[in-house]
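Colleague: Just add 65 to the spot in the sequence shown (first one is 1) and you have the working numbering.
Got a structure here, written out as structure tokens. Questions coming.
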Amino acid sequence: WMIVNSNGTALTQKTETKLCLILPKIFEDKGLMELSFPYMEPIEIALNIDFEATQSHGVLCQSKVCGDRVEGTDCGDEVADWLCDALSISGLRLLRHNPKNRRIAKIKSINHSIPHSISLSNQDQFLLINKNSVRWLAEKVPDWDYLPDITKFDTLDSIVDRFRGNLIIEGSDVLEELQWNEIEIGNVKLKVNE
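This is how it looks when you write it as structure tokens:
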């Protein structure tokens, strides 16, 4: 999914910090995604979309992510109005990524010469953060305590949150994740890209 403005430009947390307050929840058993935002009623969006039918009915939209043209299906006026109210921005639309429209990462990993698909993300689908590496980094930056948005009450978790990772671990060694080629979670194996 991607939220775009009236010009079709993707919104990011770099410019629209309130995006971090939108909480998505996936209910596979119901076939729904629920979006919630503080002080608003949540909204539900169907997970199953007939991408072939939407293409023929003209609800296919194009946008750009990091200079690459991407296609998505507009999720409708109801969720668009909800997003506009939540973020106080007019003209927003929610696009669902078309799985047939693949983007290839521009940056190839040293470990993997084969390009990989990245859908709507900047470089990779997941960002892994090692708490011990963040702790080490915080100790190495002498001015960390003097940044205007950092207070002495910030915990390691709040500093880790600033990196907006999807996978947060606590490895035994600092920066050990830089040496990994693969991560295994249950039966799922993920390739590591640098």
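We put the CB at the ideal spot given by N, CA and C, even for glycine.
Below 8 Å on the Cβ atoms is my guess for G251 versus N195; work out the distance and round it to an integer in Å.
Modeller: Their Cβ separation, rounded to whole angstroms, is 19 Å, which puts G251 and N195 out of contact at 8 Å.
Colleague: Give me the residue from E136, I110, R227 and I87 with the minimum Cα distance to M98.
Modeller: The shortest C-alpha separation from M98 is found at I110.
Colleague: Can L193 and I234 be called in contact, C-beta distance under 8 Å?
Modeller: Going by C-beta atoms, L193 is nearer than 8 Å to I234.
Colleague: I'd like the list of long-range same chain contacts for L84, defined as Cβ closer than 8 Å, with 5 residues on each side in sequence excluded.
Modeller: Cβ neighbours of L84 beyond the five flanking positions: I68, L76, T77, Q78 and L152.
Colleague: Please identify the residue among D94, N258, R229 and E249 whose C-alpha is closest to the C-alpha of L243.
Modeller: Per the Cα distances, N258.
Colleague: For N246 and L255, I'd like the C-alpha separation in whole angstroms.
Modeller: Their backbone Cα atoms lie some 9 Å apart in a straight line.
Colleague: Cutting at 6 Å between CB atoms, please list the residues of its own chain near I91, excluding the five before and the five after it.
Modeller: Counting only Cβ-Cβ distances below 6 Å, and skipping sequence neighbours, we find M98.
Colleague: Where does L255 fall in DSSP's three states?
Modeller: It is a strand residue.
Colleague: According to DSSP, is T82 helix, strand or coil?
Modeller: In this structure, T82 counts as helix in the three-state DSSP scheme.
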